[in-house]
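All remarks here apply to the structure that follows.
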Amino acid sequence: MADRFAALGAPARVQLLRLLVRAGADGLTVGELQKHSGLALSTQAHHLNALVRSGLVVQEKLGREVRSRVDFHAVQSLGTFLIERCCEGFGGCS
Numbered sequence: 015m016a017d018r019f020a021a022l023g024a025p026a027r028v029q030l031l032r033l034l035v036r037a038g039a040d041g042l043t044v045g046e047l048q049k050h051s052g053l054a055l056s057t058q059a060h061h062l063n064a065l066v067r068s069g070l071v072v073q074e075k076l077g078r079e080v081r082s083r084v085d086f087h088a089v090q091s092l093g094t095f096l097i098e099r100c101c102e103g104f105g106g107c108s
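Letter by letter, the sequence shown follows residues 15 to 108 of the numbering used here.
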């Protein structure tokens with residue numbers, strides 16, 4: 015779980031994740047993501063790889079394109095962890 019939280023430690027990664035969440039189940043190609051993020055491709059690749067390694071994003075190669083999608087279950091698990099584990103015994107979190 016810590017690796018998922020760590021992956022969100024860079025503003026560029028949060029930006030990429032938000033773009034992918036908004037794209038929904040279809041996700042975005044690397045090119046589409048770059049167009050919306052404005053990040054240099056090398057910078058985007060670095061941050062996207064961190065999100066993939068953490069399990070928050072999955073990638074699929076379709077022909078010549080790579081499509082990135084959010085693993086919504088993994089993202090939801092972050093909130094669940096905070097509410098169930100960190101707030102355990104404290105009524106202010108629910």
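Even glycine gets a Cβ: it sits at the ideal position worked out from N, Cα and C.
Cβ-Cβ separation, residue j to residue i (assumed contact under 8 Å), whole Å
i, j, result
"L53", "A20", "That belief does not hold up - the Cβ atoms of L53 and A20 are roughly 19 Å apart, past 8 Å."
"L65", "L31", "6 Å"
Short Cβ contact (8 Å threshold) for residue i with residue j
i, j, result
"Q73", "Q58", "no"
"D85", "L62", "no"
Option nearest residue i by Cα separation, candidates the options
i, options, result
"L42", "H60, R67, R83 and G69", "R83"
"Q29", "G45, D17 and H50", "H50"
"E46", "A39, S56 and V80", "V80"
"R78", "V44, A37 and V35", "V44"
Spatial neighbours of residue i in its chain, beta-carbon cut-off 6 Å, leaving aside the 5 residues before and after
i, result
"D17", "S68"
CB contact check: residue i to chain C, cutoff 8 Å
i, result
"R36", "Among the protein chains of the structure shown there is no chain C, as only one such chain exists."
Go through the stretch 37 to 81 residue by residue and report every complete run of the beta strand (DSSP E) that reaches 3 residues or more, in order. Every beta strand (DSSP E) of 3 residues or more that sits fully in the stretch 37 to 81 is shown, in chain order, as 71 to 76.
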